[in-house]
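Counting with this note's numbering, you get residues 143 to 664 for the letters of the sequence shown. Backbone N, C-alpha and C define an ideal beta-carbon position, used for all residues, glycine too. Just so it is clear, the structure is predicted and the values come from calculations on it, not from any experiment. Report on one structure; see the data block that follows.
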Amino acid sequence: MSLHVGWNYSAPANECHDVVMQDAPCWRPSSSLLRAGRQLSDWILGISPPVSPPTPYTRFLPLSKEHECAWPEPRIPSTFHAPPHHPSYIQSLPQELLEEIFREYIHSPSASSLSSGRSLTGSYQRIVSHLGANTTPMLLAHVCPSWRAVVLSYPALWSRLCVFHAHAADFPLLEFWLARISNSPLDLTIVQRYKRVGELVDHDTPQILAMTLRHPSLRSVSLQLDVDMEHLFEGTTDSIAPSLEQFQLNLMNWSPEGCGVLSQILLASPTLHTARWGSTCGEIYGHFDTLWSTLSTIELGHIGLSDLFTHLPQMLALQSLRIDDLDIDCSALGSEHLAPINLPHLTTLSFGFYSNLCPLLDSLLLPSLTNLSLGHGFGLGIPEGRGWPSLEKLVERSHCRLLSFDWSRRRMEEDVMVRLFNHASDHIFPELEYLRICSPVGDQFVSALTLGGDSARLPCLTSLALRSCRARDATLISMVLSRPLLQDLHVKIKCSLYTTESSSAQYQQLTACRPGRFFIEL
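The following block contains the structure:
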């Protein structure tokens with residue numbers, strides 16, 4: 143049974159969706175179970191199912207395996223009267239449909255908030271589907287018996303697990319959650335809790351690691367651990383997760399040797415293709431020289447340019463590379479780096495913080511490059527315009543087609559940006575389809591994007607994001623109307639100087655008459 147379930151973010155529903163839901167509510171603990179049933183039913187049919195008040199949180203879990211099936215029945219107060227002759231239509235939905243609705247409801251980004259503690263309490267706050275979750279499968283399982291049966295028998299609903307600052311009191315819920323997964327692939331996140339006052343050793347996190355990292359269907363793992371967990375992996379060389387496909391490490395205050403040991407353990411998985419190291423992992427890259435060639439996606443929190451040059455030639459299978467902090471010391475580079483480093487399969491290249499990107503761009507050959515993201519232009523230490531020739535030479539040397547470009551540069555004069563982008567649109571990315579600009583832009587830049595007359599720049603553009611736009615309403619509307627291929631637009635208006643009372647109505651009328659996703663923030 144093929145279903146299309148989507149979320150409606152205050153926008154017209156997509157006709158390809160069979161079911162469209164509104165944003166997930168941020169529940170209060172006292173009413174979470176009641177509203178879980180009512181809200182989810184109202185989204186679908188406008189009719190609420192019979193609901194029951196919550197039982198105490200301490201009774202939600204069986205205390206031992208022999209009581210695993212003895213789920214406590216909710217107590218219905220005398221003031222509650224369920225309509226005996228009007229059963230809810232939602233109870234007649236096929237189980238496959240209900241499973242997909244529940245999965246989208248639990249795992250959707252709209253089921254997250256920055257402060258999950260406001261909606262969940264106790265173990266339900268620390269054993270969740272993902273960071274920031276404001277709901278959990280346990281709540282749906284307590285709405286009514288039929289929902290409970292669906293939730294407990296659907297392993298994919300439990301296949302994402304985040305253990306956030308958990309301790310020994312959360313072990314029963316953790317064991318119950320792991321038992322529900324069955325053979326479904328598990329995506330695991332563990333964030334170690336802080337030590338209590340006067341506590342010298344954390345005895346809970348080692349047990350959590352032992353319970354989860356050996357799970358037979360572990361597919362991805364993200365670990366945020368403090369230095370007191372480093373000793374657990376000393377002397378270990380075998381892979382702890384044979385089915386592991388990706389991992390992310392954020393290891394606070396670990397030694398490079400400890401980071402290298404844990405990395406080697408995870409890299410030993412024969413199915414691994416993605417590895418991410420946070421900036422806290424230190425200089426670990428020399429500990430596994432022979433293992434770079436198996437990875438298709440690499441994300442590095444911090445690395446020096448000389449170390450990067452050492453390992454890049456080994457990354458022959460690399461398809462995506464992201465570096466948050468690139469330490470560039472040009473004095474340490476020798477003549478051996480003058481020959482271009484060929485990465486034949488690299489399609490996505492992203493950088494966050496760096497001083498001068500030109501030495502790297504001048505040393506690469508990327509025939510498959512299509513997506514480029516530059517977090518600080520071409521570097522904080524070089525003037526505007528200096529990096530564009532390096533990028534142009536890279537494109538010419540590689541014969542690649544840039545289809546996606548993400549740019550951010552602070553305090554750049556708009557006339558300079560217009561001149562540089564006008565040249566780049568003709569020589570660097572004439573076939574560009576996606577453009578995202580985080581730097582402030584105004585009338586000049588938006589006018590340069592307007593098609594018509596002699597202007598035919600970026601004719602293939604289908605997606606545009608302007609995160610800090612100061613252009614007039616008429617200029618922006620004219621640009622959008624001139625581009626019939628534009629299907630995805632996200633503009634954040636930063637200046638209210640030109641914004642009038644009719645601006646909102648004009649933008650609503652603009653987005654209503656164009657197919658696609660158009661979002662304009664005033």
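Contact check, residue i vs residue j under 8 Å by CB: the rounded distance?
i, j, result
"L507", "S540", "5 Å"
"L536", "L577", "Actually they do not touch by this definition, with Cβ atoms about 18 Å apart."
"L468", "L491", "Their Cβ separation, rounded to whole angstroms, is 11 Å, which puts L468 and L491 out of contact at 8 Å."
"Q461", "S438", "5 Å"
"L282", "F244", "6 Å"
"L545", "E575", "5 Å"
"E534", "I570", "5 Å"
"I470", "L447", "5 Å"
"R268", "F318", "Wrong, their Cβ atoms sit about 14 Å apart, outside the cutoff."
"M457", "S435", "7 Å"
"I426", "S405", "6 Å"
Rounded to a whole number of angstroms, what is the C-alpha to C-alpha distance between residue i and residue j?
i, j, result
"G377", "I407", "10 Å"
"P531", "L606", "24 Å"
"T347", "K337", "11 Å"
"L365", "S581", "33 Å"
"T263", "L316", "15 Å"
"G658", "L628", "8 Å"
"L342", "Q349", "16 Å"
"L600", "V293", "49 Å"
"K636", "C611", "6 Å"
"D630", "F660", "6 Å"
"L176", "Y247", "In this prediction, L176 has a pLDDT of 49, which is less than 50 and means its spatial position is unreliable; what the coordinates show is noted afterwards. In a straight line, the C-alpha of L176 is about 16 Å away from that of Y247."
"L664", "I619", "14 Å"
"A616", "H565", "25 Å"
"M163", "R614", "Residue confidence is low: M163 scores 42 on pLDDT, short of 50, so the model does not pin down where it sits. No coordinate-derived value is stated."
"F495", "G519", "9 Å"
"W396", "H415", "24 Å"
"H249", "P297", "13 Å"
"W169", "P236", "Only weak support exists for where W169 lies, its pLDDT of 39 falling under 50; the value from the coordinates is given anyway. Their backbone Cα atoms lie some 27 Å apart in a straight line."
"L409", "N392", "15 Å"
"A481", "T604", "36 Å"
"G529", "C500", "6 Å"
"R290", "H357", "25 Å"
Locate the beta strand (DSSP E) running through residue i, then write down its first and last residues.
i, result
"F547", "546-549"
"F520", "513-520"
"S326", "Careful: S326 lies outside any beta strand (DSSP E) and carries neither H nor E."
"A590", "Unbroken run through A590 is the alpha helix (DSSP H), 585-590; no beta strand (DSSP E)."
"V633", "630-635"
"G494", "490-495"
"Y576", "576-579"
Could you tell me the boundaries of the alpha helix (DSSP H) in which residue i lies?
i, result
"I619", "615-623"
"E242", "237-249"
"G446", "Run containing G446: none in the alpha helix (DSSP H); it sits in the beta strand (DSSP E), 439-446."
"F660", "That residue, F660, is in no alpha helix (DSSP H); its beta strand (DSSP E) goes 659-663."
"C500", "500-503"
"R268", "265-268"
"D557", "556-569"
"L532", "Checking the sequence shown, residue 532 turns out to be Ser, not Leu. 529-540 is the extent of the alpha helix (DSSP H) around S532."
"P297", "Note, P297: premise wrong, no alpha helix (DSSP H); not H, not E."
"L351", "346-354"
Are the beta-carbon atoms belonging to residue i and residue j less than 7 Å from one another?
i, j, result
"C304", "T277", "no"
"E526", "V560", "no"
"L299", "P314", "no"
"D368", "Q334", "yes"
"T413", "S381", "no"
"S624", "G594", "yes"
"E556", "F587", "yes"
"P572", "C542", "no"
"P327", "R361", "yes"
"A417", "I440", "yes"
"W549", "I524", "no"
Does at least one heavy atom of the ligand PLP sit under 6 Å from the Cβ of residue i?
i, result
"R609", "This structure lacks the ligand PLP, and indeed carries no ligand of any kind."
Name, in chain order, the residues that DSSP records as bridge partners for residue i.
i, result
"Q461", "For Q461, which the question treats as bridged, DSSP gives no partner whatsoever."
"W419", "L391, L442"
"V333", "F306, Q366"
"C611", "V583, I635"
"D469", "G446"
"I524", "Partner(s): none; I524 has no beta bridge."
"S605", "Y576, D630"
"L360", "L328"
"I407", "DSSP output for I407 lists no bridge partner at all."
"L506", "I483"
Spell out whether any CB of chain C is found under 7 Å from the CB atom of residue i.
i, result
"T490", "This model lacks chain C altogether; it includes just one protein chain."
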